[in-house]
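Contents: one structure, followed by commentary.
2 protein chains.
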Amino acid sequence: MGFGELDQKAINTIRLLAVDATFTSNSGHPGAPMGMAPVAHVLWNNFMKFNPKNPKWLNRDRFVLSNGHGCMLQYALLHLFGYDLSLDDLKAFRSVDSKTPGHPEAHDTPGVEVTTGPLGQGVSNAVGLAIAQAHTAATFNKPDFTLVDNYTYCFLGDGCLMEGISSEASSLAGHLQLGNLICVYDDNNITIDGDTNCAFTEDVSKRYEAYGWQVLDIEKGDTDLDAMQKAFEQAKAEKNKPTIINLKTTIGYGSLQQGTHGVHGSPLKKDDIKQLKEKFGFNPEESFVVPKEVSELYGKHASEGAAAEEEWNKLLASYAEKFPKEHADLTRRLKGELPEGWEKALPVYTPADPAVASRKLSETVLSKIIDVVPELLGGSADLTGSNLTRWKQAVDFQPKSNGLGDYSGRYIRYGVREHAMGAIMNGLAAYGTIIPYGGTFLNFVSYAAGAVRLSSLSQIRCIWVATHDSIGLGEDGPTHQPVETLAHLRALPNNMVWRPADGNETSAAYYVAMTSKHTPSVLALSRQNLPQLEGSTIEKAIKGGYVLHEVEKADVTLVSTGSEVCICVDAAKYLKEKHNVNARIVSMPCFEVFDTQSKEYRLSVLPDGIPSLSVEVMSTMGWERYTHEQFGLNRFGASGAYKDVYNKFEFTPEGISKRAVATIDFWKDVPNVRSPLNRAFQQII
Amino acid sequence: MGFGELDQKAINTIRLLAVDATFTSNSGHPGAPMGMAPVAHVLWNNFMKFNPKNPKWLNRDRFVLSNGHGCMLQYALLHLFGYDLSLDDLKAFRSVDSKTPGHPEAHDTPGVEVTTGPLGQGVSNAVGLAIAQAHTAATFNKPDFTLVDNYTYCFLGDGCLMEGISSEASSLAGHLQLGNLICVYDDNNITIDGDTNCAFTEDVSKRYEAYGWQVLDIEKGDTDLDAMQKAFEQAKAEKNKPTIINLKTTIGYGSLQQGTHGVHGSPLKKDDIKQLKEKFGFNPEESFVVPKEVSELYGKHASEGAAAEEEWNKLLASYAEKFPKEHADLTRRLKGELPEGWEKALPVYTPADPAVASRKLSETVLSKIIDVVPELLGGSADLTGSNLTRWKQAVDFQPKSNGLGDYSGRYIRYGVREHAMGAIMNGLAAYGTIIPYGGTFLNFVSYAAGAVRLSSLSQIRCIWVATHDSIGLGEDGPTHQPVETLAHLRALPNNMVWRPADGNETSAAYYVAMTSKHTPSVLALSRQNLPQLEGSTIEKAIKGGYVLHEVEKADVTLVSTGSEVCICVDAAKYLKEKHNVNARIVSMPCFEVFDTQSKEYRLSVLPDGIPSLSVEVMSTMGWERYTHEQFGLNRFGASGAYKDVYNKFEFTPEGISKRAVATIDFWKDVPNVRSPLNRAFQQII
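Going down the list, the sequences are from chains D and B. Going by full-length UniProt numbering, the first residue of the first sequence is number 1, and it counts up by one from there. Going by full-length UniProt numbering, the first residue of the second sequence is number 1, and it counts up by one from there.
Spelled out as C-alpha cells, the structure:
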C-alpha cells in the first residue's frame, strides 16, 4: 500500500482533534480515539465507501462505534471527511444542544448510524445492520444488479466484550455466517478499573472462534498500517464468517500517560498536550488544527464516495426499468412509507366472533399483513410457539448452508437472547429497508431494557410482541409474571405501550405501531382468551383510550386495559344488578397515544364530575394520572391456573365492584370531582 | 462404582414423579427432568453433602437448577431425600399457594437455594455461591478446622448458555479460578423453537475453555452413570478451574416423543405415560409412586448427611473454644444479625459541613462501616473510581495466583458485567455469611433488571450503589442519564429505592438498607456536590419521608428527593421573597419506607389542606401518589455541563417557583384540598 508521512499526519490530526475537544469541554474520553486513530484512518480512507454529502445513501458502508465514549474519534472523522459537522461543532463537544453530545446519537449527528455508549449495544446493532444488508441484498439484488453490497464495520472495546449482550449477538452472528460484518477490537488492556487483568482474562480469540468467527490479530496496532490494510482485505475476503480483528493498541498513544487508565475518561493536561503536539509536529500554541493536505486527502476519498453513489444511482435507474416492481418497493421503503392501503388487511371483529387470546389475535394480524408489508422482518427469542410470531409460509433468515432457510427469509430465530434481539432490531431498523418486530414474554423485555431504552432515545420504529403479559399467564408463576414492567415501559419517553383488550384493539395497536415512524412499541398480549367487545372499533382504539360503554347518570368510570376490560364489563353489570350503580367503561390500550389527543377529547373520555377507578393486574404506578382510584397488584403474583390467580387477587366482577362502590363512597363528599387530566401546568415532554 | 438396578429404579422414580406431577397439574416441563434424572441421581446420591432435616446447614453443598422450568426434577429430589416437601406438595404442583410453584422459589420451598427460571440467572447465582464459599473458607477456615469446603453444583440448559448473563458470570468465574463450582450442561439439542441448530451452533466447549474452565464431555448422558461418576470426581479434583460437564441427553427420555421439543413444555399424554410406566417396570395404573427401596437408598444418603452435620457441629464447638472471636462472628452472621452498635459508625453531618456528592458520602459510609461489618463484600462493574465503592485498605477478591489479591479479599472487580453482578450478589447473599453491595451507574442497573427483579422476589438483602443518578451527571448525556429508572425500580415490589439529599440521609439509607434483611435496596447517588441540609437527621430520614422545613400558614408543600432538595430550599426562599408565598419542604428519600409509616405520621408530612408539588429531575410517574402536581422530566436529558442541563429544563429556584405558584393557583378554588395519601381502599401489597 505504501503508507507514508501524510497518513501519519492524518492520524495525528484525528488524535489532536480528540485531545483538543476533550480539553476544551473539560470532559470526555481522549484515550480510545488516540489509540484507534491509525486503524480508523486505514479503514475510513482505504476501505469505507460513503458519500458525506448524502449520509443516507443506501449502499454506504456502515460504521458503528460500539465503544461510544470514544465518540471524538467518530466526530473527528465525520468532520474531516466533510460531513455536515463543522469545527465549531467539535468545539461545542459535550455542550447543551450541540451536534456533538457525550456519546454518539443517531438522530443528532449526520453520519452517526446508531446511538451508542451503553456498552455492548453498538456491536449488537452492527449485527442487525449486517443482517439487514444480507436480507436486503437477497431481496433486491439481481444478476448484474448488485444494488446492495455494503459492509458493516464496528469498533469495540473490552467493555463491549464483557457485556453479555455482545456474547448473545456475536454467537448469533457466527451462526448466521455474516461475512459482511467486520469488527475491530481495541485490545488496549485498560478499563476504568485499571488493567484488564483484574477482571477480564478470558481468551477472546478462542471465544470468537467458538462462535464461528474469523479471528485476525494485529500485534502493532499503533503503527503497523500495512497489517491493518491486510487484515481488512482478509476480512472482506471471508464471505461466510464475520471477522474480528484483535488490534493491540496503546490507549492515549503519545500522551505522557499512555497505556494507563489515566487517559481513559479525563482530558489530557496542558503540558501533556504541549509535548504531544510538538512530538506530532503540530504547533503547540494552536488548537483544532486541520492541515490542508489532510483535508485534501480525505476530501479526495469523499469525492470518490460521491462518484460511487452517482454510479449507483445510474444502476438504480436502469434497475427501475428492468425491475419496476422491486424498484418501487425499494424506493418506497427508503422513504419510510408503508404500501398504500396496507391497513385494509387489518382484521376487524364483531362481538359475535369467538374469544381469542390477544397473542393469537396478534398472530392473525401478522399473517394478514405480512404479504402486504414486505419490509416486516419478524422473530422471537426462542418462544415462537408461545409468542405466535411466525406466520405459516414463513422462510427463516438462515445461511443457505444449514438448509433451514436463506437470507431472503423474513423470520429470525434469535435464540434465548432478548437483549441482543432488542439491539439487533435497532440495527435492522437503522438500515433503512426494514421494520423489525420480535417476540418474547413481556417479563423478559426487561432483560433487554438497555436496548429498549436506545430504541426510544434514537427514535427507532421497532415492535415488541410481548406475550404472556400478566398473572394471566398462570402456572409459570411470579418469576414469569410481570407486575412492574408496564410501569417501567410507560415511564420510558418516546415509547408506546399497548395492551389491547380484543381483536379490534389489537389491529389498532399494530396500526399505530406501524405508522409511528419514530417511536418503538411494546404490545402486551395475553396468554388467555379474551371476548370480542361490544363497542370496540379500530377507529376508537387508535386514539389510545375511548369510551367502550357509556351510561346515563354515571356514578363511576371503570378504566382498564387488556384482559381486565372484559371483567370490567361484567363488573358493570354486577354493579347495576347488586348495587344499582351506573358504571361507564373506558378502555385505555395506550397511555402515550391517549396523551396526544386534544384535551377536549380526553376530558370526554375521563370527564369531570365522575370518580374513576382503574383496573389492571399489575403495579398501579402511573394510573394516578388518569384515575382517582386504582385497583392493581403492587406485589408479585402467584403460580396457579390463571382463573385461580385472578380469584386470589380478587380481579373478578365482585372484587372490582367492591372497589367501585368504595370509590363512589369516598368521593361523594367532594363537590365537582375534578378529572385527574386537569393539571396546574404543562409537563416537560 | 457399580451402578445397578436400584439406581435405575431411583432414576425412573424421579422421572415418573415429574411426569405425574406435570400431568396432574396439566402444566409444566417434563422433558428436562426426564433427561437429567440420571445425572441428578449420581450427583445427589454419590456426591452431594446435605442434611434434609436442616436445609440451612452452612457447609452443605449447594444445588442450583438454572434451567428452573425443570423444577419437578428438584422437587422430586427434595421429596425423595426427605426434605419437608410431601407427596401432596408434589401433587399440588403449580397450584396457588403450594410449596411447588411453576419455577423454584427460594423463600417458598425448603432446599431451594435460589429462585430460578428466568434463564441464565441460576448459573450466575451459582458463581455467587461459589465466591461466597471461597471467601467464607478463606475468612474462617483454620489449620485443622476446615469449617467450609462445600461445592456448588449447577444444572443448566441451552437457554442459560444463550443468555448473555451466563457469559458474563462464566467469564468472571474462570478469571476467579473457582474450582468449587461444577456445572452440568444438559446438552439435549432442543429448545422451544425446535432443534438448537436453528440458532445455537457455537462450540460451547471451546467457549468455556476460552473462559478458563475445565470442560468434560459425557456422550451417553442417558445411561452412562459410570462416566458421570468419573466426571464429578475429575471436576472436584480440579482446584483452580470451574468445571462444566457437557452431558449429551435425550429430552423426555423414555417418552414416545423423546428428543423433540414436544416434551419440553407440555405434559405427556395418557397413553405415553402408560407405555413409559410399563417400560420402566412401574404399575401404569398408579401415580406418584415411590418404591420402598428407593426411599431407603436415598434415606441412607440423607442420614449420612445428617451425621456429617453432627460431626461438623462438633468441629464448630471445638472451633468455638480455639477461635472464640471468629466463632462469634460466624454464628452472628448466620443468624443474620449485624454487629452490636455497628450503626454508631455511620457518619453524622451538620449544615456547617461542606457540600459533597452523595456518591462520595456513600464512600465515607462504606469506609466507616467496612471494618465494623465484616460481612460486607463490595464491588463495582468496572466503575470503581466513579462509584467510589472501594475503601482505601481494601483487598481484592482474586485468586492468589494473579498477585492482585486473595479469596479473603472483600472487593470484587466484576468487570463491565452489570447483569452478572446482580445475579452474583443474589448468590452471595443466599450463601448466608455475606451482605453484598455492588456499584454501577443508576442507568445501567437497567442492564441488570432481570437479576434485580429476582432479588426482590426472593427477598434478598443486597445493595446497589447506583451513582450518577440523573441528568446531573452532565456531559455523558442522555445515553447515560436515567429518567425512567426510578419509576421502574419503585414499581418493583419489595425493593427500596433511596435517593438521599445529603450526608445524614445517605447514612439513613445505609442504615435501613443494612437492617432490612429481606429487601434489596438501590441507592441513587449524585455525581455532583450537595450541601448538608438544615433540618436533616438520620432519625428523620429513616422514616423515608419527613418535613425538612416547616412554615406557618403554608401555601404549598414542595416534595423532593436527592439533588433537587437543596434547590427546593432555595426555591422556598425565592417564593417568599418574590411572591410572598410560604412553602414547606418535604424530603422523601424513600417512597417504600415512607409507605410503611403510620397514616397519622404520613399525613403530618403531607397534610390535607395544602396543595403539594413534587420536584425530581426524572419521570414524574409514581409521584401522583404523594403530591397534587409534579415537576419532572418526562423526556430524555441532554449532554452538557450539569448546571447547563438543569437550567435548560428549569430545575432552578425560579423554575420551581413558577410551578409552585401555578400549583397554588390551580388548587385555590378547591375547598379542603385532600392529601393524595387518602385513598378509597387499601392496595394489594
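Where is the CB? At the ideal position from N, CA and C, for every residue including glycine.
- Put simply, of D/Val184, D/Pro30, D/Gln177 the residue whose alpha carbon is nearest the alpha carbon of D/Lys239 is D/Gln177.
- Straight through space, the alpha carbons of B/Leu613 and B/Thr627 are spaced by roughly 6 Å.
- For the C-beta of D/His549, not a single chain B residue is nearer than 8 Å; the gap to the nearest is close to 22 Å.
- In the three-state DSSP reduction, B/Asn678 falls in the coil class, being neither helix nor strand.
- Partner residues in the beta bridge of D/Thr440, as assigned by DSSP, are D/Ala466.
- D/Cys154 sits in a strand when the DSSP states are folded into three classes.
- Judged by pairs of C-beta atoms under 8 Å, the region 81-95 of chain B does not touch the region 407-425 of chain D, as fewer than three such pairs exist.
- By DSSP's assignment, B/Leu65 forms a beta bridge with B/Phe155.
- In the DSSP annotation of this structure, the continuous segment of the alpha helix (DSSP H) that includes D/Ala430 starts and ends at 418-431.
- Rounded to the nearest whole angstrom, the C-alpha separation of D/Glu629 and B/Gln682 is 10 Å.
- If you draw a straight line from the Cα of B/Ser401 to the Cα of B/Met48, it comes to about 28 Å.
- In the DSSP assignment, D/Val569 falls within the alpha helix (DSSP H) that extends over 565-579.
- The bridge partners DSSP lists for B/Ala524 are B/Ala466.
- Listed in chain order, the positions of the region 411-428 of chain B with a beta carbon within less than 9 Å of a beta carbon of chain D are Ile412, Arg413, Tyr414, Gly415, Val416, Arg417, Glu418, His419, Ala420.
- Spanning the alpha carbons of B/Ile538 and B/Ser507 requires a straight line of approximately 7 Å.
- Contact check for B/Ala420 against D/Asp203 fails: the beta carbons are separated by 7 Å or more.
- Here B/Tyr414 carries a coil assignment [DSSP, helix/strand/coil].
- Cα atoms of D/Val465 and D/Thr389: separation of roughly 7 Å, rounded to the nearest angstrom.
- The beta carbon of D/Pro33 sits no closer than 7 Å to any beta carbon of chain B.
- Taking the C-beta atoms as reference points, B/Pro291 is found nearer than 7 Å to B/Lys9.
- The criterion of a C-beta distance shorter than 7 Å is not satisfied by D/Cys160 and D/Leu216.
- Three or more pairs of CB atoms, one per stretch, sit closer than 8 Å, so the region 430-439 of chain B contacts the region 120-132 of chain B.
- Collapsing the DSSP output to three states places D/Met621 in coil.
- Under DSSP, the beta-bridge partners assigned to B/Phe631 are B/Val615.
- A residue is called buried once 16 or more other Cβ atoms fall within 10 Å of its Cβ, and D/Ser446 is buried on that count.
- Assigned with DSSP and collapsed to three states, B/Met588 falls in coil, not helix or strand.
- Take the alpha-carbon of B/Ala173 and the one of B/His468: they are about 28 Å apart.
- Proximity of D/Glu163 to chain B, defined by a Cβ-Cβ separation below 7 Å, is satisfied.
- When the Cα atoms are used, D/Val497 and D/Leu606 turn out to be separated by approximately 20 Å.
- Close CB contacts of B/Phe200 within its chain, under the 8 Å cut and outside five residues either way in sequence, are with Asp158, Leu161, Met162, Thr191 (chain order).
- D/Lys599 and B/Asp665 have their C-alpha atoms roughly 20 Å apart.
- The beta carbon of D/Cys590 sits closer than 8 Å to those of Met496, Val497, Trp498, Arg499, Ala509, Val512, Gly544, Gly545, all from its chain and outside the five residues before and after it, given in chain order.
- For D/Gly102, at least one C-beta of chain B is nearer than 7 Å to its own C-beta.
- Assignment of D/Ala583 by DSSP, reduced to helix, strand and coil, places it in the strand class.
- Counting only runs that start and end inside the region 533-567 of chain B, the beta strand (DSSP E) elements of at least 3 residues fall at 546-549, 556-560.
- Annotation for B/Gly409: no alpha helix (DSSP H) segment contains it, and DSSP assigns it neither H nor E.
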